[in-house]
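A.B. asks: Quick one: this structure, given as C-alpha cells, is what I'll be asking you about.
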Amino acid sequence: MTAIASEPTGLAQELNSGHSGGPGQSRAAAEQRLNHIQLLEAESIHIMREVAAEFQKPVMLYSIGKDSSVMLRLAQKAFHPAPIPFPLLHVDTGYKFREMIEFRDRYTAELGVKLLVWRNEEALAQGANPVQLGTQRCCGLLKTQALLDGLRAHGFDAAFGGARRDEEKSRAKERIFSFRDSAGQWDPKNQRPELWNLFNGRIGPRESIRVFPLSNWTELDIWHYIHLEKIPIVPLYLAKERRMLVRADSLIPVEQPFVKGLPGEEQWVKCRLRSLGCSPCTGAIRSDADTVPKIIAELVQMRNSERANRIIDHDQDGSMELKKREGYF
Amino acid sequence: MSEANDNMTAVLERDDADVRIEEQLAAERAKDLLRFSTAGSVDDGKSTLIGRLLYDSRNVYDDHVRAVTHNAAIDFAQLTDGLRAEREQGITIDVAYRFFSTPKRKFIIADTPGHEQYTRNMATGASTADVAIVLVDARKGILDQTRRHACIAALLGIPVVIAAVNKMDLVGFSQTVFDDHRRSLLDLARQLEIPELIAVPVSALDGDNVVHRSERMSWYSGPSLMELLETVPLAIERSHAGLRFPVQRVLRPHQDFRGFAGQITAGTVRPGDEIIALPSGFRTRVRSITTWEGDLETARAPQSVVITLEDETDVSRGEMLVSAADSPHRTRHFEATVVWMHTKPLRPGSTYLLKHTSQTVRARVVEIRSRIHVERLEHHPAEQLALNDIGQVVIETSRPLLADLYRDSRATGSLILIDPEDNATAGAGMIRSIADAGDAESEINHATRGVLALGNRAELAAQLERSLLEAGAVVLRTRVPLSPSLIALARMGAFLLVESDDAVPITLTPVHAASTTPHELALDEPDEILNEIQRLGAIPNGEDDNDDGLGI
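In order, the protein sequence lines correspond to chains L and F. According to the working numbering, the residues represented by the first sequence are 7 to 335, in order. According to the working numbering, the residues represented by the second sequence are 48 to 599, in order.
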C-alpha cells in the first residue's frame with residue numbers, strides 16, 4: 007500500500023494527481039470544459055433519443071446489474087420531464103438472486119417504468135438448471151433463447167444493452183448500433199461503418215438492432231457515476247456477512263436447493279458480488295467494501311496490483327505460466 | 048515531489064477510506080476525454096508505439112506484460128496488437144477502440160489498419176478523433192502511406208495531427224534527419240490544410256519521447272507524445288459556429304410543457320437568448336434549458352439538453368434551433384467529399400437516403416467531380432467511386448439540409464449515404480461547398496406555381512400550406528372549385544390549395560406547361576407531395592425523362 011502511494015501507479019496515480027494542480031486553476035478549467043463523465047453522459051443520451059425517434063418499438067434490456075442501473079438513469083435523463091418512452095425487458099432465468107428480483111420489482115415500481123419479464127417457462131418446467139445441463143447449455147436455453155423469444159414475441163425492433171467496449175477484447179470493435187438479421191444473428195463481417203454520431207437505423211422486416219449506449223464507458227466510469235448520481239444498486243454488490251459454500255478460493259452462494267456443500271463447507275463469510283447473475287453460477291469475493299466509495303477503492307487497488315510495474319520478476323514467468331495452466335485445466 | 052506524496056500518504060492512511068476515495072474521485076472528475084486515431088500497417092511501429100504509450104503510463108496489467116515478455120524483453124507490439132491476431136485468424140479487420148487514462152485525461156484510441164483497402168476503417172476512426180497520430184519512419188521519411196494517413200486525417204477534419212517520427216534510434220538520434228522530415232511534414236500539412244501539425248522525434252521501442260522525454264535527443268526541447276496528448280484542446284472546443292441544436296425529439300409530457308430534446312453540436316445557449324427555428328425562420332427566445340438535474344443557466348456543446356421556447360412554435364425532429372446572429376446554410380445542392388464504403392460503386396445519378404443531423408432525406412448524386420488520389424494528393428476525373436475510394440461529388444436532396452461547411456462544424460457538415468435497397472451505410476460525406484441560397488432554394492419559392500386539389504383533406508391542406516409558405520411560395524387556400532380563373536391566378540405566381548367536401552383523389556395541375564392536365568398523385572404524406580410539387584414545378588414540360596421515382 008505504501009509502495010503504491012509513494013510511487014503511484016495506474017489508477018491510484020491517475021486518481022491522486024488532481025491534488026497537484028492549483029485549486030483555482032482547475033476550477034476555472036472545469037467551468038470551461040465538460041469532464042469525461044459529462045461527455046459520456048451527453049453521448050449516451052443522444053444515442054437513446056435517436057433510437058426512440060427512429061424505431062417503431064424499442065425496448066431496454068434490464069439485467070438489474072450496475073450497468074443496467076446506469077443505463078436506466080440515463081434513460082430517465084434523456085426524456086425528462088417526459089416518461090421513458092419504452093419498456094424494460096428482464097430476461098429472468100429463474101435462478102437470479104432473490105435480492106435481485108426484490109430490487110427489480112421495488113425499484114421499477116418506484117420509478118413508474120413499465121417492466122416486462124420473459125422466462126423460458128418450457129425449459130424451466132422441464133427442470134433446466136446449470137447442474138443438470140452444464141452452464142453453457144443452461145445459459146443457451148434460459149438466457150439466449152429466452153431473450154430471442156422475448157424480443158420476437160413482443161416485436162421489438164431495437165433493444166438497448168448495457169455492454170461496454172472495455173469489457174473484453176472481442177467487444178473492442180463492437181458498434182453502438184449493432185445490426186441483427188431476421189434470425190437475430192450477429193454477423194461481425196456485416197456491420198455498418200459508424201462515423202461521427204450519425205447512426206444508420208434503417209432495417210428491413212424482422213431485422214433489428216442492439217444498441218449499446220454505454221459503449222465508451224469504462225468500469226470505473228460506471229461506478230463513479232453510480233456514486234455521483236446516488237443510483238440505487240442491488241445490496242448484493244456491498245459487503246456483508248453472507249451464507250456461502252467455501253470451496254478452495256471460491257465462495258458459492260447458497261440459494262438454490264441443488265447447490266449443496268460438503269459438511270463444513272457452508273459458512274458465514276463477509277463478502278460481496280462483483281457482478282450479478284444467476285445464484286448458482288456467480289461467485290462472491292471476500293471483501294469489506296460496504297459502500298460505493300469502498301467498492302471503487304477496492305476496484306482501483308485490485309487493478310493496481312494487476313498493473314504493470316517497471317520491474318518485472320522474470321523468474322516468476324515460467325512458474326506463473328505453469329500455475330495458469332494448472333488452474334486452467 | 049515524493050516527499051509531498053509521502054505526506055499525503057500519511058494523511059490518507061489516517062483518514063476514513065470513503066473520504067479518501069471521495070478526494071480521489073474529485074480529481075478524477077476534473078479529467079476530460081480525448082479521442083485520437085492511429086493508422087498503421089504491419090512493421091511501421093504503430094503497435095509498438097501504442098504498447099509503449101500504455102506501458103509507460105502504466106495502463107497494462109502485469110500478467111499481460113508477462114505474457115508478451117520473452118528473454119527479458121517485452122514485445123510492446125504484442126501488448127496491443129489485436130489487429131495482427133485478427134489478420135492471422137482471418138477475421139474482419141476493423142476499428143478497435145481502446146481505453147486508458149493518465150493523471151490528466153481519459154483517452155479513447157480508435158486503432159485502425161493502415162492499408163489502402165482499409166480506407167473506410169481509417170475514415171471511421173478519424174471521424175470522431177480530436178487528434179491523429181501519423182507514423183513516419185525516420186529512415187524513410189514521408190511515404191505513400193504517410194500521405195494517405197495525413198490526407199484522410201485532413202479530409203475528416205482532425206484539427207491536430209501529431210507526426211511521430213519513429214525509429215530515431217536507427218538514425219543515430221540525428222537532429223538533421225528529424226529537421227528534414229519535419230520540414231517536409233509541415234509542407235504536407237500546408238498542402239492538405241491541416242490546421243496544426245506537430246512533429247515529435249521518438250523511439251517507440253526504447254520509449255524516447257513517448258511518455259518520458261528522451262535524454263538521448265537533447266537538441267529536442269519540445270513535449271513528449273503523451274505530453275501533447277494530455278494538453279491539446281478537444282476538437283469541439285475549436286468549432287467556431289454559433290448555436291446549432293438539431294432537434295431529435297419533441298417532448299410533450301403534458302399540455303404546459305413543450306420541449307425540444309437534442310444535443311448541442313456547436314456553440315452555447317442561455318435562457319433569454321434570441322434563436323431562430325429553422326427551416327421556418329421563426330424568431331423567438333429560449334425560455335429554459337431543462338435537464339433532469341433542473342434548469343441550467345447555460346449549456347454548451349456537446350451537452351444533451353431539452354430547450355423550451357418563449358413562443359409556441361412548431362418545431363419537429365430534423366429541424367434546428369440556431370443562434371440568430373449566425374445561422375447555417377439552407378441547401379438542397381452542395382458539393383461534398385465522399386468516402387465510399389459499399390461494394391456497389393457510386394455512379395452519377397444514383398439515389399440514396401441521406402442522414403444529416405437528425406434528418407433523413409432522399410438524395411441523388413448528380414455528378415462525380417473527381418476521385419482523390421490520397422497518396423499523390425491529386426484529383427483525377429472519375430466515372431464512379433468504388434469501395435474505399437474518396438471523391439468530390441455534387442449532391443442534391445429532396446428537402447433542404449440545414450448545414451454548415453464541414454470545416455466550420457463537423458456535426459452539421461457531415462452526412463452518411465444509405466443504400467435504399469440493402470440499408471447499408473454506403474458512404475460518408477463532408478460538405479465542402481454550398482451553392483448560393485438563391486440557387487439552392489429556387490425549386491420551391493415564390494416562383495412555385497400550380498394548383499393542388501386536395502378534396503376533404505383539411506389537415507393535409509394545413510400542413511402543406513405551412514410548409515409551402517415556409518419555403519417561400521405564395522399560397523392560397525380556397526374552396527372555390529377549380530376554374531380557368533384560378534389557373535390564371537396560379538399563372539400569376541400563386542400556389543393554390545383547392546379543398547372541397549368530397550373524398551376525391553389528390554391532383555396536381557402544373558400551370559407553366561403548355562397543357563394543364565392534372566396529374567393524379569397517389570401520395571398522402573406531406574413530404575412526398577412537396578417533393579412532387581418541387582419536381583413538377585421545376586420541370587417546365589411536366590415530364591421528367593430521368594424520373595427515378597424519388598422526386599428529385
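Glycine residues also receive a C-beta, built at the ideal position from the N, C-alpha and C atoms. Here the structure is a predicted model, which is why all the values come from computation and not from measurement.
Along the stretch 70-82 of chain L, where does the CB come closer than 8 Å to a CB of chain F? Name the residues.
C.D. replies: Gln-82
A.B. asks: For F:Val-386, tell me which candidate among F:Met-367, F:Ala-372, F:Val-421, F:Ala-308 has the shortest Cα-Cα distance.
C.D. replies: F:Val-421
A.B. asks: Would you verify that the beta carbon of F:Met-169 is, or is not, closer than 7 Å to some beta carbon of chain L?
C.D. replies: Answer no: the Cβ-Cβ gap between F:Met-169 and chain L never drops below 7 Å.
A.B. asks: Tell me where the beta strand (DSSP E) around L:Thr-288 begins and ends.
C.D. replies: Premise fails: L:Thr-288 is in no beta strand (DSSP E) and is neither H nor E.
A.B. asks: Counting only the same chain and skipping the five closest in sequence on each side, list residues whose C-beta sits under 6 Å from that of F:Val-247.
C.D. replies: Ala-211, Asn-256, Leu-272
A.B. asks: CB-CB under 6 Å to F:Ala-308, same chain, minus the five flanking residues each way: which ones, in chain order?
C.D. replies: Gln-295, Arg-296, Leu-298, Val-353
A.B. asks: Which whole-angstrom value describes the C-beta separation of L:Glu-304 and L:Trp-274, a residue pair presumed to lie in contact below a C-beta threshold of 8 Å?
C.D. replies: Not confirmed; about 20 Å, so no contact.
A.B. asks: So is F:Thr-472 in contact with chain L if we call contact Cβ pairs under 7 Å?
C.D. replies: yes
A.B. asks: To which residues of the same chain is L:Leu-80 closer than 7 Å at the C-beta, ignoring the five residues directly before and after it?
C.D. replies: If we look at L:Leu-80 and ignore the five residues flanking it on each side, its Cβ neighbours are Glu-47, Ser-50, Ile-51, Met-54, Pro-219.
A.B. asks: Can you tell me whether F:Arg-67 is helix, strand or coil according to DSSP?
C.D. replies: helix
A.B. asks: Beta-carbon of F:Ile-465 versus every beta-carbon of chain L: anything under 7 Å?
C.D. replies: yes
A.B. asks: Touching or not, the stretch 463-470 of chain F and the stretch 400-407 of chain F, by the rule of three or more beta carbon pairs under 8 Å?
C.D. replies: yes
A.B. asks: Determine whether the Cβ of L:Ser-32 lies closer than 7 Å to any Cβ atom of chain F.
C.D. replies: The predicted model places L:Ser-32 with a pLDDT of 39, which falls under 50 and marks its position as unreliable; any figure quoted below should be read in that light. At least one beta carbon of chain F lies nearer than 7 Å to the beta carbon of L:Ser-32.
A.B. asks: If you follow the beta strand (DSSP E) that F:Asp-184 is in, where does it begin and where does it stop?
C.D. replies: 178-184
A.B. asks: Listed in chain order, which residues of the stretch 276-310 of chain L have Cβ atoms closer than 7 Å to some Cβ of chain F?
C.D. replies: Thr-297, Pro-299, Lys-300, Ile-302, Ala-303
A.B. asks: What does F:Ile-442 pair with, by DSSP beta-bridge criteria?
C.D. replies: F:Phe-381, F:Val-412
A.B. asks: Below 9 Å on C-beta distance, what does L:Asp-172 contact in chain F?
C.D. replies: Tyr-144, Arg-145, Phe-146
A.B. asks: What residue from F:Thr-355, F:Gln-302, F:Trp-339 has the CA that sits closest to F:Val-316's CA?
C.D. replies: F:Thr-355
A.B. asks: What do you get for F:Asn-168, buried or exposed, if any count of 16 or more other CB atoms within 10 angstroms of its CB means buried?
C.D. replies: In this structure F:Asn-168 is buried. Its beta-carbon is surrounded by 16 or more other beta-carbon atoms within 10 angstroms.
A.B. asks: Based on Cα-Cα distance, which residue from L:Leu-78, L:Leu-121, L:Tyr-113 lies nearest to L:Asp-98?
C.D. replies: L:Leu-121
A.B. asks: Pull the bridge partners of F:Gly-87 from the DSSP assignment, please.
C.D. replies: In DSSP, F:Gly-87 forms a bridge with F:Pro-160.
A.B. asks: Going by CA-CA distance only, name the one from F:Arg-496, F:Gln-406, F:Val-551, F:Gly-161 that's closest to L:Gly-207.
C.D. replies: F:Gln-406
A.B. asks: Using C-beta distances below 6 Å, list every residue in its chain close to L:Glu-76, excluding the 5 sequence neighbours before and after it, in chain order.
C.D. replies: According to the sequence as given, residue 76 of chain L is Val; it is not Glu. Once the five neighbours on either side are set aside, the close Cβ partners of L:Val-76 are Ile-228, Tyr-231.
A.B. asks: Under 8 Å Cβ-Cβ, which residues of chain F neighbour L:Ala-178?
C.D. replies: Gly-129, Ala-143, Tyr-144, Arg-145
A.B. asks: With a threshold of 8 Å on Cβ separation, who are the neighbours of L:Pro-93 within its own chain once the five nearest residues in sequence on each side are excluded?
C.D. replies: Val-65, Met-66, Val-119, Lys-120, Leu-121, Leu-122
A.B. asks: So, using beta-carbon positions, are F:His-427 and F:Arg-416 closer together than 7 Å?
C.D. replies: no
A.B. asks: Would you kindly check if the distance between the Cβ of F:Ala-170 and the Cβ of F:Ser-84 is under 7 Å?
C.D. replies: no
A.B. asks: Name the chain L residues whose beta carbon is nearer than 8 Å to that of F:Trp-339?
C.D. replies: Gln-82, Lys-83, His-86
A.B. asks: What's the C-alpha gap between F:Ala-450 and F:Ala-508?
C.D. replies: 28 Å
A.B. asks: So, is F:Leu-515 buried or exposed, given that buried needs 16 or more other C-beta atoms within 10 angstroms?
C.D. replies: Looking at its Cβ environment, which holds 16 or more other Cβ atoms inside 10 Å, F:Leu-515 is buried.
A.B. asks: Could you tell me which chain F residues have their CB closer than 7 Å to the CB of L:Arg-186, listed as they occur along the chain?
C.D. replies: Result: empty, since nearest Cβ-Cβ is about 13 Å, beyond 7 Å.
A.B. asks: Express the C-alpha separation of L:Ser-188 and L:Val-57 in angstroms, rounding to a whole number.
C.D. replies: 19 Å
A.B. asks: Just to confirm the assignment, what range does the beta strand (DSSP E) spanning L:Trp-124 have?
C.D. replies: Looking at the DSSP string, the run of the beta strand (DSSP E) that includes L:Trp-124 is 121-124.
A.B. asks: Taking only beta carbons into account, state which residues of the stretch 235-269 of chain L come closer than 9 Å to chain F, listed in chain order.
C.D. replies: none
A.B. asks: For a cutoff of 7 Å on Cβ pairs, would you count F:Met-388 as touching chain L?
C.D. replies: yes
A.B. asks: Looking only at C-alpha atoms, which of F:Leu-533, F:Met-539, F:Leu-570 sits nearest to F:Val-551?
C.D. replies: F:Leu-570
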